[in-house]
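Have a look at the structure below before the remarks.
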Ligand SMILES: [Mn+2]
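Residue numbers (my numbering): 109 to 405.
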């Protein structure tokens with residue numbers, strides 16, 4: 109494990125570019141367990157949701173850097189933006205936890221979502237978190253893994269795909285950077301809250317068939333496990349050629365995914381008083397021929 113930690117320290121010292129980390133076999137091969145979390149939307153205006161931040165900290169504290177690897181499948185933050193001299197302070201405690209886990213030798217991968225697309229150098233350079241844009245494609249625990257946040261995959265989502273182009277345009281990003289951070293973050297959180305209210309549909313009733321189709325296509329391309337988030341709808345499906353996982357969300361459901369041995373599980377984190385831990389909601393086996401759906405959530 110010392111080797112893994114050393115290699116990460118070295119990477120940070122040399123200022124490695126965000127995506128190069130995925131080619132470091134030592135770090136990825138040492139993990140025995142891979143955890144997938146997504147859509148915590150930390151920093152959302154609602155104070156009750158902010159309390160969830162503490163639960164996420166307890167979850168992070170439960171991880172074992174020597175054997176766990178964490179993959180953030182986007183939208184950990186309700187809004188993230190970096191300036192030359194300023195980073196968002198409201199996420200400080202979570203960032204400090206992530207930095208400590210990396211220092212202890214854990215590998216943390218970050219696949220940006222539509223709320224935190226604007227991560228730049230801070231996570232890789234200051235925290236040693238590996239950023240993969242738009243997707244993480246790697247081999248871990250003997251499985252070919254494909255991870256993407258998934259925004260813009262819905263076939264009829266033309267409006268969003270246009271908006272995405274506008275929001276991800278380098279000129280627009282440069283212009284936005286000139287807004288005062290208090291104003292910029294205020295605007296972004298208001299916008300995010302409005303779009304959440306507009307949707308109003310319970311997550312588990314969202315039609316995610318386009319996302320599953322996309323996952324099926326990736327499994328046919330040769331991946332064994334496809335992980336997508338964004339819809340907030342927790343899913344664990346055995347499809348033709350592999351497994352489709354959506355870890356759900358950490359906003360209300362506290363669900364997360366786990367890959368361990370040849371098994372993929374959907375789990376829920378719970379906190380009752382002093383006690384905290386996880387329960388397994390569903391498990392499927394990787395590596396068998398596709399047999400349709402074994403678990404639907
Ligand atoms: Mn999203």
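By construction, the Cβ of each residue, glycine as well, lies at the ideal position given by its N, Cα and C atoms.
I need the straight-line Cα distance from residue i to residue j, nearest angstrom please.
i, j, result
"residue 361", "residue 385", "14 angstroms"
"residue 163", "residue 216", "18 angstroms"
"residue 391", "residue 284", "44 angstroms"
"residue 143", "residue 176", "7 angstroms"
"residue 199", "residue 150", "8 angstroms"
"residue 363", "residue 291", "32 angstroms"
"residue 236", "residue 207", "7 angstroms"
"residue 335", "residue 172", "22 angstroms"
"residue 324", "residue 262", "14 angstroms"
"residue 345", "residue 389", "13 angstroms"
"residue 243", "residue 257", "8 angstroms"
"residue 240", "residue 260", "17 angstroms"
"residue 108", "residue 302", "Residue 108 lies beyond the residue range present for the chain, which begins at 109 and ends at 405; the question has no answer from this structure."
"residue 343", "residue 312", "9 angstroms"
"residue 213", "residue 249", "17 angstroms"
"residue 174", "residue 209", "9 angstroms"
"residue 234", "residue 282", "22 angstroms"
Thinking just about the alpha-carbon of each residue, which of the options is nearest to the one in residue i?
i, options, result
"residue 181", "156, 395, 390 and 354", "354"
"residue 387", "167, 139, 314 and 150", "167"
"residue 223", "293, 370, 323 and 346", "293"
"residue 255", "219, 281, 277 and 265", "219"
"residue 304", "338, 334 and 325", "338"
"residue 376", "139, 138 and 146", "146"
"residue 316", "274, 276 and 264", "264"
"residue 140", "161, 178, 156 and 165", "178"
"residue 232", "159, 249 and 211", "211"
"residue 170", "383, 368 and 343", "383"
"residue 299", "311, 318 and 271", "271"
"residue 288", "381, 196, 372 and 373", "196"
"residue 192", "221, 226 and 257", "226"
"residue 347", "320, 373 and 368", "320"
"residue 157", "380, 368, 359 and 372", "359"
"residue 247", "138, 309, 267 and 274", "138"
"residue 409", "381, 368, 379 and 318", "In the structure as shown, the chain begins at 109 and stops at 405. Residue 409 is therefore absent and cannot be evaluated."
"residue 221", "204, 188 and 245", "188"
Keeping to the same chain, check which residues put their C-beta closer than 7 angstroms to that of residue i; ignore five residues upstream and five downstream.
i, result
"residue 330", "252"
"residue 370", "393, 394 and 395"
Given a threshold of 16 other Cβ atoms within 10 Å of its Cβ, counted over all protein chains shown, does residue i qualify as buried or as exposed?
i, result
"residue 434", "Absent from the model: residue 434. The displayed extent of the chain is 109 to 405, so no value can be given."
"residue 332", "buried"
"residue 276", "exposed"
"residue 366", "buried"
"residue 194", "exposed"
"residue 238", "buried"
"residue 352", "buried"
"residue 381", "exposed"
Looking only at its own chain, which residues have a Cβ that is under 6 angstroms from the Cβ of residue i, when we skip the five neighbours before and after it?
i, result
"residue 152", "186"
"residue 190", "228 and 230"
"residue 357", "147 and 340"
"residue 269", "260"
Excluding five sequence neighbours on each side, which residues of the same chain lie with their C-beta closer than 8 angstroms to the C-beta of residue i?
i, result
"residue 314", "339, 340 and 341"
"residue 202", "150, 161, 164, 165, 168 and 184"
"residue 274", "280"
For ligand 1, list every residue whose C-beta falls under 7 angstroms from any of its heavy atoms, going in chain order. 147, 182, 183, 221, 222, 223, 257, 259, 337 and 338
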